[in-house]
Amino acid sequence: NAGVTQTPKFRVLKTGQSMTLLCAQDMNHEYMYWYRQDPGMGLRLIHYSVGEGTTAKGEVPDGYNVSRLKKQNFLLGLESAAPSQTSVYFCASRGVVYNEQFFGPGTRLTVL
Amino acid sequence: QQQVKQSPQSLIVQKGGISIINCAYENTAFDYFPWYQQFPGKGPALLIAIRPDVSEKKEGRFTISFNKSAKQFSLHIMDSQPGDSATYFCAATGAGGTSYGKLTFGQGTILTVHP
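From first to last, the protein sequence lines stand for chains A and B. Numbered by the numbering used here, the letters in the first sequence go through residues 189 to 300 in order. Numbered by the numbering used here, the letters in the second sequence go through residues 239 to 353 in order.
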């Protein structure tokens, strides 16, 4: 039981490049979330999903897209990376009944 | 708009002392208030949580105090240990089906416990 895993762990991009971050959970959770963590700002919700095939915008969605084609996977895409997207990205999941969100280990992204 | 405000940004405590971190929220629809603990290089992990129908919840050395009228809640770490050194986040989420458990986080507090 791996919980929530994220791929890759680190990535360096040049401005304008694209990439996809992968999140996978093996707890059969309905809800999944993508957050970004920046110093002094806590974690801010980018996008979330309440089930397979559904996605919705969070607090800071601009510049990101997501997809949830399979219940266990939640993908975060950056179509044209900008230096302002340099951050640590966390994926989380939770079930419908219990409130606890389980977080992955994070992806550290640097955009030059 | 930061709906959950956390203080202090950083805190240094001696081993055995009490660590206190405070949070204030604005949205009266929030009904679940968790605290997360994060060690360097790791994702946040749930430490303790409270609902507004109680004023205090204790789990071991960790206690949440909740003041509904003031819209404030705090984390107290008794007998603080060097192993407690981490970043702590308060958070809140709302009631109802449309909240979908979305968490609003405070800014975080970096706690250092000196031996």
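We put the CB at the ideal spot given by N, CA and C, even for glycine.
Alpha carbon to alpha carbon, how far is Arg199/A from Asn305/B? 43 Å
Do Thr295/A and Leu210/A have their C-beta atoms closer together than 7 Å? no
Identify every residue that forms a DSSP beta bridge with Ala212/A. Thr193/A and Asn261/A
How about Tyr203/B and Asn287/A: are their beta carbons less than 7 Å apart? Chain B is shown from 239 up to 353; residue 203/B falls before or after that span and cannot be answered.
Buried or exposed, going by whether 16 or more other CB atoms sit within 10 Å of the CB of Gly277/B? The question names Gly, but residue 277/B is Phe in the sequence shown. Flag for Phe277/B reads exposed.
The beta strand (DSSP E) spanning Ile234/A covers which residue range? Gly230 to Gly239
His314/B beta carbon less than 7 Å from that of Thr325/B: no
In whole angstroms, what is the alpha-carbon distance linking Thr416/B and Lys280/B? Outside the shown range of chain B, which is 239 to 353, sits residue 416/B, and nothing can be said about it.
Go ahead and pull the three-state DSSP assignment for Ser337/B. helix
Excluding five sequence neighbours on each side, which residues of the same chain lie with their C-beta closer than 7 Å to the C-beta of Glu297/B? Ile286
Measure the C-alpha to C-alpha separation of Gln241/B and Pro272/B and round it to an integer number of angstroms. 15 Å
Using 8 Å for Cβ pairs, my map puts Ala283/B next to Tyr274/B. What's the rounded Cβ distance? 6 Å
What does Gly346/B reach in chain A if we use C-beta pairs closer than 7 Å? Gly230
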